[in-house]
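Number of protein chains: 2
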Amino acid sequence: MTTITTQPPTASTKARLLDIMRTRGTVSRVELVGATGLTPGTITNVIRELLDDGLVQEAGQARSTGGQPRRLLRLRGQAHYAVGVQMDRCTSSVVLADFTGRLVAQKTLQGSGSHAPGAMLEILAAQIHNLLEDQKVPFESVLGISLVTHGPQNRIEGTLLAPRPTPQWYGYPLVPAMSRLTGLPVILENDATAAAMGEQWLGDVSAESFGVIYMASGLGGGAVVNKEVYRGGGSNTVEIGHISLDASGPPCECGNRGCVENICGTAAVVARAVRDGPLRDRLGLKDNRAETLGDFDRISSAAVAGDLDARLLLEDAARGLGQAAVTLVNLFDLSTVVLAGPAFSTAGTLLRDHISATVNAAAFNRELQPIDVVLSSHGSLAAAIGGSLQVLRTVGDTKDRRTVPPSFVTRPNQPQLASLNP
Amino acid sequence: MTTITTQPPTASTKARLLDIMRTRGTVSRVELVGATGLTPGTITNVIRELLDDGLVQEAGQARSTGGQPRRLLRLRGQAHYAVGVQMDRCTSSVVLADFTGRLVAQKTLQGSGSHAPGAMLEILAAQIHNLLEDQKVPFESVLGISLVTHGPQNRIEGTLLAPRPTPQWYGYPLVPAMSRLTGLPVILENDATAAAMGEQWLGDVSAESFGVIYMASGLGGGAVVNKEVYRGGGSNTVEIGHISLDASGPPCECGNRGCVENICGTAAVVARAVRDGPLRDRLGLKDNRAETLGDFDRISSAAVAGDLDARLLLEDAARGLGQAAVTLVNLFDLSTVVLAGPAFSTAGTLLRDHISATVNAAAFNRELQPIDVVLSSHGSLAAAIGGSLQVLRTVGDTKDRRTVPPSFVTRPNQPQLASLNP
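Taken in order, these protein sequences are the chains called A and B.
By our numbering, the letter at position 195 of the first sequence is numbered 187, and the numbering carries on one by one without gaps.
By our numbering, the letter at position 95 of the second sequence is numbered 87, and the numbering carries on one by one without gaps.
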């Protein structure tokens, strides 16, 4: 095993410049001085190193505005690649991004619900392998994988602390196993947190601070505060699915009662629809846990097409989600909420309108500013994209060690696809 | 009017060094190099400026450990002073701190509940005036006042956005009026946020991240995340009093329903006790809004002394507070919660034990680490002390403009006590 050595002290300046270039595309040295407040000398030196490292390349000249023409710089896309894997019970996505953050390839595949963890990781590892081969991306240029899924997580150990989707997943060494299977460094990330990073990158929202409600087969939340993703003490932040709507409501496996996920999450909505026999039959619901998102989509399509029962179910769920959003904005003091995840892909507008109405009737700070509730336009890929971006951002960064757990800084020598027999 | 001009670019380095000295007491230049990662040359230069400005003084030599003895430095206490005013419906506190953060004087006085805003500010201004005179603190050395009270607040305008304690307070120009009355710069701060700053400074908790439940006549919350006070987009963060325990519960003036403040706050507990006639008579409750905290204290004393009815009331409230604390720790990913504010001064242990039991049965991340629920040992002063500290920290700071609203950077020429006729 080789261990990535600690970067020199200027490394987080490097990460900062790389991030600015990633966001702006092409940029001159003068613009970097303006954007960072660093001296021209520092910028020149750091850029020289980045050019030498092959991370940055010259990109022509800016049109002259009178003075000397400015030479432009941009990231070298092929310098590095990163993989983002979003894994949900009902659906998974794998994305490959180049060093500029451009989406090179993507693949949507089955969820983790009907697999043992070892088998699911083998499917994902094979998929990553194929994606790299199809795109002719050299293995050595891949920085690593962000494995994005539900919480609670132990990011240091790289394990999940909940028996979902099945009890086998509880405590399973996901990160070490995925790393052995692929030969790549792996980090574990919370899906809603990754979606927040993805939203920030994809630019659907201009607000510097916003909350994210991420709805897939589970219900999670994320927050970006003054342009930084909120990470709290660990990685189990903004667990809005476990906001209680009724302190004496039904117990949840998390230990709390009346959790919004169990009342308004996709599985809860599907369960209510299934209990209504005629509705179940009319919509052809499968009533099978691996099909939760499919069933939710059937209900969403019917609601959009005018089915009143389906519509009432969704409106009811949206009100509860709106109540959870009130707590989210009240605690984090936000005035923008983004709705992301596959559950918003079919009836997003309907859900958004009802969530918005609830939030804007009850949020504590609505007098200061109305709360803007917006739909993500990359709903089902935002989390995987955010994960890949997180990996790209580790280049040159020594500042925020919390984003780089020990499992990340060790790179196994060789991929060992299918070597794992759990 | 004079306006404080913008500081030079090194100013936030100054603030950083001042803060380290404020926390550590005495410190050598070598220790400052170690603590900041700055070069010895930079430290020497900045310290020279701070000595010239009279903010720092020499403090003898450290005992030799073999090499050359190290000269020690510390803040000069008399360099500046700051005032913290905590204002609640039932009780107020004024504290005076010197530049080292040492509490020079304090005074507890009546609450704002029975006064018009103009009259209350005159009482506070006179009190500040007397405190400065008693302590022979020169007016010119006072940096300003942090006025600490409930939210929602508009910190830019310096107004409250709720009709509490009476409708007259809504939108009243508190900051400009207080500034005119005292001749000092004034900032408005959220009481629970200030309590979080106070707790951090007073050192009751060693955790780098913690939540605060602040209970006075209202119920608020605060959070410190990785040593930084969480500020969100504005100043109305962590409004835990308006976490709903029951989405179909009684409506709150905030717009939400079933808010924990209306079920478990001091006024709600007192109202329940008053409805129980024999309990009301036995405890001699006053049943008067200006006496809410007094009545809550009577109930607390009775509970501690073994009165079963009083005890059950408090246990019930503590369970609700515990449920709100679950949401607080779930959203911010915390493993420490501090209980602060005057409501915890008499039956703090009883309340803490029940809050702790509830949180540790239901928090999402309790498997990673048990949630530590601790009582502040400076409960009723933490908010005022946190406010004064916030003012001290503005010296040398240009980085975080959000803590210094426009109203702060303008210093009226002369105090104009009693010049305000609203």
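Glycine included, C-beta positions come from ideal geometry on N, C-alpha and C.
What you are looking at is a predicted structure, and each value in this text was computed from that prediction instead of being measured.
Which residues DSSP lists as bridging residue i, in chain order
| i | result |
| --- | --- |
| B/M112 | B/M112 is not bridged to any residue. |
| A/K99 | A/V86 |
| B/F202 | B/V216 |
| B/E50 | B/L65 |
| B/A74 | B/A89 |
| B/L152 | B/Q145, B/Y162 |
| B/R494 | Nothing in the structure corresponds to residue 494 of chain B, since chain B is present only between -7 and 414. |
| B/S236 | B/C251 |
| A/M207 | A/L211 |
| A/M79 | A/S84 |
| B/V38 | For B/V38, which the question treats as bridged, DSSP gives no partner whatsoever. |
| A/V221 | A/V216 |
Close-in-space but distant-in-sequence residues of the same chain around residue i (CB under 7 Å, 5 per side omitted)
| i | result |
| --- | --- |
| B/A51 | T18, L64, L65, R66 |
| A/D11 | R385 |
| B/G210 | H142, G233, E253, G257 |
| A/S106 | A282 |
| B/G276 | R290 |
| B/T36 | R21 |
Member of the options whose CA lies at the smallest distance from the CA of residue i
| i | options | result |
| --- | --- | --- |
| B/A309 | B/A339, B/N322, B/G286 | B/A339 |
| B/D196 | B/G312, B/D364, B/R8, B/T36 | B/D364 |
| A/L300 | A/D268, A/T284, A/G26 | A/D268 |
| B/A215 | B/L323, B/V48, B/N280, B/L95 | B/L323 |
| B/V321 | B/N280, B/V230, B/L194, B/Q145 | B/V230 |
| B/V167 | B/D345, B/M189, B/V77, B/T31 | B/V77 |
| B/E359 | A/K6, A/R311, A/N228 | A/N228 |
| B/R81 | B/S292, B/T100, B/L95 | B/T100 |
| A/I255 | B/V261, B/V262, B/R264, B/A239 | B/A239 |
| A/R102 | A/G286, A/I377, A/L343 | Note that residue 102 of chain A is Gln in the sequence shown, not Arg. Of the candidates A/G286, A/I377, A/L343, the one whose C-alpha sits nearest the C-alpha of A/Q102 is A/G286. |
| A/L47 | A/D90, A/V86, A/Q53 | A/D90 |
| A/L176 | A/L343, A/G59, A/L124, A/G312 | A/L124 |
| A/V261 | A/P242, A/L88, A/T83, A/L305 | A/L305 |
| A/T83 | A/G29, A/A208, A/T341 | A/A208 |
Contact with chain C by residue i, beta-carbon distance below 8 Å
| i | result |
| --- | --- |
| B/G247 | The structure shown contains no chain C; its protein chains are A and B. |
Proximal residues to residue i (C-beta, below 8 Å), its chain only, five neighbours per side dropped
| i | result |
| --- | --- |
| A/L412 | Bear in mind that a pLDDT of 29 at A/L412, under 50, signals an unreliable position, so the model cannot answer this. |
| A/H234 | C244, C246, N248, C251, V252, E253 |
| B/P165 | E149, G150, T151 |
| A/R393 | Caution is warranted here: a pLDDT of 37 is assigned to A/R393, below 50, making its placement in the model unreliable, and no coordinate value can be reported. |
| A/A349 | G314 |
Same chain, Cβ closer than 6 Å to residue i, five either side skipped, listed in chain order
| i | result |
| --- | --- |
| A/L135 | H72, A74, V383 |
| A/V318 | V351, A354, A355 |
| B/M79 | S104, T141 |
| B/Q49 | R68 |
| A/V329 | G203, A317, V365 |
| A/A7 | G388, D389 |
| B/V266 | R272, L277, D279 |
N- and C-terminal bounds of the beta strand (DSSP E) containing residue i
| i | result |
| --- | --- |
| A/V387 | Segment: none, A/V387 is in no beta strand (DSSP E) and carries neither H nor E. |
| B/I137 | 134 to 141 |
| B/A332 | 328 to 332 |
| A/D364 | 364 to 367 |
| A/E181 | 178 to 182 |
Enclosing alpha helix (DSSP H) for residue i [first to last residue]
| i | result |
| --- | --- |
| A/D11 | 3 to 16 |
| A/G340 | 340 to 354 |
| B/N254 | 252 to 256 |
| B/V296 | 284 to 297 |
| B/T28 | 21 to 28 |
| B/T31 | Per DSSP, B/T31 belongs to no alpha helix (DSSP H) and is neither H nor E. |
| B/A302 | 300 to 324 |
| B/D273 | 269 to 275 |
Residue i CB to nearest heavy atom of the ligand GTP below 7 Å
| i | result |
| --- | --- |
| B/R344 | The model depicted lacks the ligand GTP and carries no ligand whatsoever. |
Practice task
Inspect the CB distances between the region 181 to 194 of chain B and the region 127 to 147 of chain B and report whether three or more fall short of 8 Å.
Solution key: Output reads yes: the region 127 to 147 of chain B touches the region 181 to 194 of chain B.
Problem - Three-pair Cβ contact test at 8 Å for the region 356 to 373 of chain B versus the region 330 to 337 of chain B - result: These segments touch.
Practice task
Indicate whether the contact test is met: 3 or more Cβ pairs, each with one atom in the region 216 to 224 of chain B and one in the region 196 to 205 of chain B, closer than 8 Å.
Solution key: Short answer: they touch.
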